[in-house]
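Chemist: Quick one: the structure is below, and I'll ask about it shortly.
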Amino acid sequence: MVSDSSEDSIGKNHEYKPVHETHMGVNGDAGSGEVNPADEYIAIRKQLKFPVDKSPGVAMAFLLGFQQYLIMFGPTFAIPVILSPSLCIATNVEAKGQLLNTMFVMCGLATLLQIFFGTRLPIIQSGSYVFFAVAAGIMSKSPCQKEYFVQDENGNNVTQDWDPNWHKRMAELQGNLMAASVLQMILGGFGLVGFLLKIIGPITITVLISLIGLCLAGVAAGSASQNWGIALLMVALVTLFSEYLKNVPVPLPYVTYSRGSGAKFQVAWLKLFSTLSIILSLIIVWALCGILTATDTFAEGNPARVTDLKKRIDEASWFYFPYPGQFGTPIVTVGGFVGMVAGVIGGVIESIGDYYACAKLAGAPPPPKYVLNRGILLEGVGCFLTGLCGPGVGVTSYSENIGAIALTKVGSRTVILCSAILMLIIGLIGKVGIFFASMPEPIIGGMYLVMFGIIAAVGISNLQFVDLTSSRNVFIIGVSLYIGLVVPMWAEKVMADDELKGAIQTGNEEFDQLVAVILTSGMIIGAVIACFLDNTIPGTDKERGMESYKLATKACSDKALLEKIYYEPLMEKAAKRFPGLRRLPFVNGFKGFSM
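Just add 85 to the spot in the sequence shown (first one is 1) and you have our numbering.
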């Protein structure tokens with residue numbers, strides 16, 4: 086439950102921060118006069134209601150797990166909706182419902198894998214927005230048409246506005262994601278994460294993440310412009326609930342029972358507005374659209390009208406079971422693979438920071454090297470399964486849920502286990518997917534305006550660790566960002582013009598697709614330029630912001646606690662029987678090479 090104390094030391098002084106914001110000095114040593122990170126995690130553990138290895142009980146765990154589910158619901162729900170234009174199914178409610186159900190099931194499965202076999206930290210796995218720009222680039226080689234000719238039940242030729250062969254598009258995303266996820270498994274399985282972090286610093290991360298949000302501006306504008314009034318109302322309500330009312334408590338009555346005193350009525354004051362900001366906004370705006378539709382204020386053809394919602398839900402099946410290859414045999418292409426690799430690397434860097442932040446807030450020691458490797462390895466497995474079943478977007482650690490641990494003072498992995506079970510159960514209910522897939526486009530556009538803007542701002546926030554008085558850094562950031570925006574605009578214009586298309590065609594289909602994916606993915610272009618310039622133009626580690634990105638790797642003094650939290654039981658049993666297994670980078674107790 087959300088704490089009703091605004092002065093709570095965890096929520097106020099130890100809120101979620103990326104790895105590079107924790108107390109650490111150069112070369113992994115705590116800075117002069119600062120607290121040893123390992124000791125600080127132990128101190129925080131004592132202040133938690135339920136640390137990572139403690140359970141609040143089944144009933145309370147499911148209640149808190151449902152809260153965590155609500156936090157990840159809004160952004161996760163938006164993933165299939167954002168993906169649908171690239172698949173040419175923006176108006177196909179049934180297809181979007183299938184993608185939504187599949188997304189939640191895969192997120193639940195990936196979360197269970199992390200809890201039992203991965204980091205064993207209370208981290209929810211959800212779809213990564215890094216892959217959207219990649220998906221748009223992969224699909225750009227065959228733009229959507231305004232009309233598609235199909236035959237109806239009577240054999241007559243009719244037209245529709247979504248691609249009847251969209252499964253082929255999805256199969257290409259799935260196949261390339263599966264291939265790229267193998268690389269992620271190699272990074273974790275062979276302990277290569279440390280090398281990656283040595284060449285990718287805050288400047289590259291800034292450009293990479295910022296361009297994800299900026300390059301999706303056209304998608305947001307396209308959806309919001311269908312009814313600016315509804316879209317901006319959505320923005321206004323999300324802003325009201327998440328920012329202006331975030332500290333306003335709401336009374337929640339409940340009844341407790343004990344043998345001595347019997348039933349007792351109580352009231353808990355919870356800060357629900359920030360937790361439920363997206364859900365509350367959706368309910369209000371969607372209800373308003375329904376009222377304006379019923380009164381014919383919205384004329385026929387207005388994208389904000391709520392039409393056939395009951396009919397669609399009635400026709401939908403109660404249960405939907407995702408399965409491998411449900412959208413066809415996965416397809417791998419050179420260009421698509423390169424694009425997905427960029428998405429995977431972005432997810433890896435993001436997750437490393439989340440592991441350290443989550444461990445700190447959940448009362449666990451700093452994750453050792455084998456935990457980092459094992460976490461990335463299992464995320465790779467999660468991405469592979471997501472590619473195998475759909476919807477073609479990889480999973481990564483979800484930062485917003487880590488922040489909720491700071492507010493609730495509950496870091497129990499049992500809570501996240503219950504949340505994962507809820508994801509699986511709700512994801513299997515077909516009518517739920519159809520219901521949310523039927524949402525009017527302008528409401529979704531309002532969500533885009535908020536979420537894409539936040540993604541861009543999260544990227545920019547990494548610049549707090551960089552010396553912005555350095556002309557070197559200003560040059561790298563400015564050039565890489567601008568080229569990452571301009572080149573995709575030019576490439577899309579060229580590919581849409583039959584006369585100009587020859588400028589980027591060589592006659593080799595595979596090579597042409599590779600070029601098309603790279604040129605239309607601003608995230609890839611900007612990040613590659615930023616990474617190259619940041620590692621070749623002379624500059625000190627402090628100037629580049631690399632000192633603050635050094636990982637705190639001091640060993641925890643409480644080895645019993647370290648083993649209790651991080652040791653995976655089955656792996657430990659195997660390692661005791663075959664000691665040579667401890668030489669593997671992801672096995673309990675691996676010392677390894679320097680990060």
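In this text, a Cβ means the ideal position worked out from N, Cα and C, and glycines have one as well.
If you're wondering where the values come from, they're calculated on a predicted model, not measured in any experiment.
#1: Three or more C-beta pairs closer than 8 Å, one from the region 265 to 278 and one from the region 533 to 550: is that the case here?
#2: Classify Leu301 as helix, strand or coil using the three-state DSSP reduction.
#3: Measuring only the C-alpha atoms, how far is Asn177 from Trp247?
#4: Candidates Pro654, Leu618 and Asn332: which alpha carbon is nearest Arg557's?
#5: Alpha carbon to alpha carbon, how far is Glu657 from Phe663? Give it in angstroms, no decimals.
#6: Our contact map puts Ala601 next to Met574 with C-beta atoms below 8 Å; I'd like the distance itself, whole angstroms only.
#7: Which parts of the region 320 to 391 are runs of the beta strand (DSSP E), unbroken and 3 residues or longer, counting only runs that do not cross its ends?
#8: In three-state terms, what does DSSP make of Phe275?
#9: Quick one: grab the DSSP three-state call for Phe404.
#10: Within the continuous beta strand (DSSP E) that includes Phe234, where are the two ends?
#11: Quick check on this structure: which residue in Gly611, Asp626, Val535 and Phe675 has the alpha carbon closest to the alpha carbon of Phe326?
#12: Go ahead and pull the three-state DSSP assignment for Ser266.
#13: Expressed to the nearest angstrom, what Euclidean distance is found between the alpha-carbon atoms of Gly479 and Gly563?
#14: Do Ala316 and Gly531 have their C-beta atoms closer together than 8 Å?
#15: By alpha-carbon positions, which one of Val137, Pro451, Asp597 and Ile297 ends up nearest to Ala576?
#16: For a test of the three-state rule: what should DSSP assign to Thr414, helix, strand or coil?
#17: Just list the alpha helix (DSSP H) runs in the region 605 to 638, keeping only unbroken ones of 4 residues or longer that don't cross its boundaries, in chain order.
#18: Whose C-alpha, out of Glu485, Ala491 and Met425, is nearest the C-alpha of Phe469?
#19: Spell out a yes or no on whether the region 509 to 522 and the region 442 to 462 are touching, meaning 3 or more CB-CB pairs, one atom from each, closer than 8 Å.
#20: Just curious, the beta strand (DSSP E) that Val243 is in, first and last residue?
#21: Thinking C-alpha only, which one of Ala146, Gly182 and Ile398 is nearest Pro407?
#22: Which residue from Ala427, Phe675, Phe158 and Gln311 puts its Cα closest to that of Leu365?
#23: On the DSSP letters alone, give me the boundaries of the alpha helix (DSSP H) that Gly530 sits inside.
#24: Using three-state DSSP, classify Ser211 as helix, strand or coil.
#25: Is the separation between the beta-carbon of Ile294 and that of Cys616 shorter than 8 Å?
#26: In whole angstroms, what is the alpha-carbon distance linking Val429 and Glu238?
#27: Going straight from the alpha carbon of Ile528 to that of Cys300, what length do you get?
#28: Please classify Ala195 as buried or exposed, where buried requires at least 16 other C-beta atoms within 10 Å of its C-beta.
#29: So Ser504 and Gly150 are supposed to be a Cβ contact under 8 Å. How far apart are they, rounded?
#30: Can you tell me which of the three DSSP states Ser484 falls into?
#31: For the region 427 to 443 against the region 204 to 215, do three or more pairs of beta-carbon atoms, one drawn from each stretch, fall closer than 8 Å, so that the two count as touching?
#32: Residues in its own chain within less than 6 Å of Leu184 by CB, not counting five upstream and five downstream?
#33: Measuring alpha carbon to alpha carbon, tell me which of Gln311, Ile376, Val143 and Thr324 ends up nearest Ile363.
#34: To which residues of the same chain is Ile622 closer than 6 Å at the C-beta, ignoring the five residues directly before and after it?
#35: From the DSSP output, in three-state form, read off Val672 for me.
#36: Please classify Val495: does DSSP put it in a helix, a strand, or coil?
Modeler: Quick look at the numbers:
#1: no
#2: coil
#3: Rounded to the nearest whole angstrom, the CA to CA distance from Asn177 to Trp247 is 7 Å.
#4: In this structure, Leu618 is the residue among Pro654, Leu618 and Asn332 with its C-alpha nearest to the C-alpha of Arg557.
#5: 10 Å
#6: With 8 Å as the limit, Ala601 and Met574 do not qualify as a contact, their Cβ atoms being about 14 Å apart.
#7: Counting only runs of 3 or more residues that sit fully inside the region 320 to 391, the beta strand (DSSP E) segments are 335 to 343 and 347 to 355, in chain order.
#8: coil
#9: strand
#10: Tyr233 to Gln236
#11: Val535
#12: helix
#13: 29 Å
#14: yes
#15: Shortest Cα-Cα distance from Ala576 to any of Val137, Pro451, Asp597 and Ile297 involves Asp597.
#16: Of the three classes helix, strand and coil, the one that applies to Thr414 here is coil, per DSSP.
#17: 607 to 621 and 626 to 629
#18: Met425
#19: Below 8 Å, too few C-beta pairs join the region 509 to 522 and the region 442 to 462 to call them touching: fewer than three.
#20: Asn242 to Gln245
#21: Pro407 has its Cα closest to that of Gly182, out of Ala146, Gly182 and Ile398.
#22: Phe158
#23: Glu526 to Ser546
#24: strand
#25: no
#26: 43 Å
#27: 20 Å
#28: buried
#29: About 4 Å; that satisfies the 8 Å criterion.
#30: helix
#31: yes
#32: Pro165 and Pro476
#33: Thr324
#34: Arg557
#35: In the structure shown, Val672 sits in coil (DSSP, three-state: anything other than H, G, I, E or B).
#36: strand
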